[in-house]
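In our numbering, the protein residues as written are 43 to 331. Heads up: the structure comes next, in structure tokens.
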DNA sequence: CCCCAGTCCTGCGGGC
DNA sequence: TGCCCGCAGGACTGGG
């Protein structure tokens, strides 16, 4: 489930393609439904062939490959998509190949087991429209505590649900939302408009801490093993998860209560009923590792 | 505008 | 052992 740390790891893993020239592109359709590619392969190929890659960036949970004509290729992994420069987990789920010249890597791959991901090519105006501030909130690693509260603080939604809203804040997904709220000591069901200024500061601090720590460990590879970096290697942060997918385990913060699982907006949330209070006062300080 | 439920997709694991 | 169903949650859409 690539979220900000996983997508950032993908981005860093393919930085070596900066300076490369695109010599071709091919959709790979086997027995599975093709992933969404816009425009269609032939037009896509014609528009990118001959272009040079001038930058590899990230917007929220998407990798942005900037070309010399200012068009951008957006790689959007969604649930199971991977951006690779080396051996894929298997060849059946390879979805797209971009051929390169003038760099150590001869191909850039998009692999996706479930096929919910997509790849699309945008002109600068389309990019501003599709992924601009009207559609996407500030990056979770760029936003400051005041802006965070301004963007979410008036909402009546539960804090965990609001953190997943990419229009309000870009990059946080289901896994890291649980981790962040545990470190911040805030109950996932607490309404945004009842979160205090101090708590917003703690949430902000926890968010930065958790996301940076996860990037350091190259993201989280869950038990289904889907997420890998650009070299098809597992991440390491799953071993440091405090609550996610740890229902029934002893909370690593208080070491007295056990982790609970609840469902919010049809998605799993994990939290410690002792460390994460619904009030404004904190019961126990769960130290970030 | 705000918010939630439903949709897409494949693989896996639980229940019978 | 084998089959079926539910679940996993990215982003988007439709509707209350």
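Glycine residues also receive a C-beta, built at the ideal position from the N, C-alpha and C atoms. Keep in mind that this is a model prediction, so the values were computed, not measured.
Per DSSP, residue 220 is one residue of the alpha helix (DSSP H) stretching across 216-226. Contact between residue 65 and residue 142 holds, since their C-beta atoms are separated by about 7 angstroms, short of 8 angstroms.
The beta-carbon separation of residue 234 and residue 194, rounded to 5 angstroms, stays under the 8 angstroms limit for a contact. With 16 or more neighbouring CB atoms inside 10 Å of its own CB, residue 48 falls in the buried class. Rounded to whole angstroms, the separation of the alpha carbons of residue 317 and residue 189 is 26 angstroms. In the structure shown, residue 105 adopts extended strand secondary structure according to DSSP, grouped into three states. Residue burial is scored here from C-beta neighbours: residue 45 has at least 16 other C-beta atoms within 10 angstroms and is therefore classed as buried. Between the alpha carbons of residue 58 and residue 95 lies a gap of roughly 10 angstroms. Between residue 320 and residue 313 a beta carbon distance of about 11 angstroms is seen, past the 8 angstroms cut, so the two are scored as non-contacting. The C-alpha of residue 132 is placed about 13 angstroms away from the C-alpha of residue 74.
The shortest C-alpha to C-alpha distance from residue 217 to any of 101, 256, 247, 140 is the one to 256. In the DSSP assignment, residue 139 falls within the unbroken beta strand (DSSP E) covering 136-143.
When DSSP reads this structure, residue 100 sits in a beta bridge with 105. Within the same chain, no residue comes within 7 angstroms of residue 258 by CB-CB distance, once the 5 residues on both sides are set aside. In terms of Cα proximity to residue 82, the closest of 270, 138, 60 is 138.
In the three-state reduction of the DSSP assignment, residue 149 falls in the strand class, which pools E and B.
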